[in-house]
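In the numbering used here, the protein residues as written are 25 to 215. Don't be surprised by glycine CBs; every beta carbon is placed ideally from N, CA and C. First comes the structure, then the notes that go with it.
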């Protein structure tokens, strides 16, 4: 009887292996061989799911944003306060645990590479715009008088700034400062 393989789960495992390699070595350290070793498979199995390094890198970027967005939406699903929903959604983006710190390391590597790689730049911009759209919808509910899109861009700038600092210097103090700044900003925004 042939073995039944969950291709989506296997693909996700390979992407997660790529995140571990990217977080440890940056994009410049990523090779198909290193990711295959991290995943405990052959490069042949890896290329069964991803044609080449670029396809795997792009899938890794897309999936990292998708996973983070799904987690943030899940965190606010049962919240009835518009202000709390906005705050929780924003705080989910901070590098508050090992998983999210790894996500930040992956994003930092992608942002750096996007400065010289047009494909990554276009993909990153599309993901940024989608994130801003989602935040703008939350802001419309939490602060109806605000220019929601402008405030979404400002909030993303704040999250990226404090998140970057907390990811590069992952101390409790830096994370607490990041949370405090987010809370203060959102309280001011939502009045």
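Notebook entry, point to check: Taking residue 41 as the reference, which of 109, 136, 123, 115 has the closest Cα?
Noted result: Taking only the C-alpha atoms, the option nearest residue 41 is 123.
Check: Considering only residues of the same chain and omitting the five flanking positions on each side of residue 105, which have a CB-CB separation below 7 Å?
Finding: Closer than 7 Å at the Cβ level, and outside the excluded window around residue 105, lies no residue.
Notebook entry, point to check: Does the stretch 131–144 come close enough to the stretch 198–207 to have 3 or more Cβ pairs within less than 8 Å?
Noted result: Too few Cβ pairs lie closer than 8 Å, so no.
Note to self: Just verifying my parser: in three-state terms, what is the DSSP assignment at residue 122?
What the structure shows: Residue 122 falls in the helix class under three-state DSSP.
Note to self: Let's test the definition: count the other Cβ atoms within 10 Å of the Cβ of residue 187 and tell me whether it reaches 16, buried, or not, exposed.
What the structure shows: Per the 10 Å Cβ criterion, buried.
Margin query: Give me the residue from 111, 77, 70, 36 with the minimum Cα distance to residue 183.
Written below: Distance from the Cα of residue 183 is smallest, within the candidate group 111, 77, 70, 36, for 111.
Item checked: DSSP state of residue 102 mapped onto helix, strand, coil -> In the three-state reduction of the DSSP assignment, residue 102 falls in the coil class, being assigned neither a helical nor a strand state.
Note to self: Given a cut-off of 8 Å on the beta-carbon distance, is the pair residue 96 and residue 113 in contact?
What the structure shows: Yes, they are a contact pair.
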